[in-house]
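Here is the structure we will look at.
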Amino acid sequence: MQIYADVTGRPMKISRSSQTCALGSAIAGAVVGGAYSTIADAQKHMTGLKPHVFQPDPKAHAVYKELYAIYCRLHDAFGTREWHGSLHDLMKQLLDIRLRARK
């Protein structure tokens, strides 16, 4: 979950249920069965979060943003016919990111 927080730059909260798919079915069943009038009402009463929240690390988020920019360039270079450009600096960028991460 820490990686998700770092990649997105957003806090990640975890459901207290280890069976979230089953919980979703139970919520739908509770509404259909008349225990709650809406999905939102059933969610409010039947769900919860664990107390620990994974906070994003700003330094890691910055690295993931750099890597995503490289990924986008590669995607366009190998995945589209319209792309015209050069990837000559790409490996040096990756090596620089690795060097900084190892410090």
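Our numbering puts the last residue of the sequence shown at 111; the count rises by one with no breaks.
Beta carbons: idealized from backbone N, C-alpha and C, even for Gly.
Query raised in the report: Among Y72, T55, A85 and H92, which residue has its Cα nearest to the Cα of L102?
Result: To locate residue 102, count along the sequence shown from 1; it is residue 94. The candidate whose alpha carbon is nearest that of L102 is Y72.
Query raised in the report: In terms of DSSP beta bridges, what is K21 paired with?
Result: As a working note, residue 21 is residue 13 in the sequence shown. Its beta-bridge partners are V61.
Query raised in the report: In three-state DSSP terms, what is E90?
Result: On the sequence shown, position 82 is the one that residue 90 refers to. Three-state DSSP puts E90 in coil, outside helix and strand.
Query raised in the report: Is there contact here, the segment 58-75 with the segment 17-32, by at least three beta-carbon pairs under 8 Å?
Result: yes
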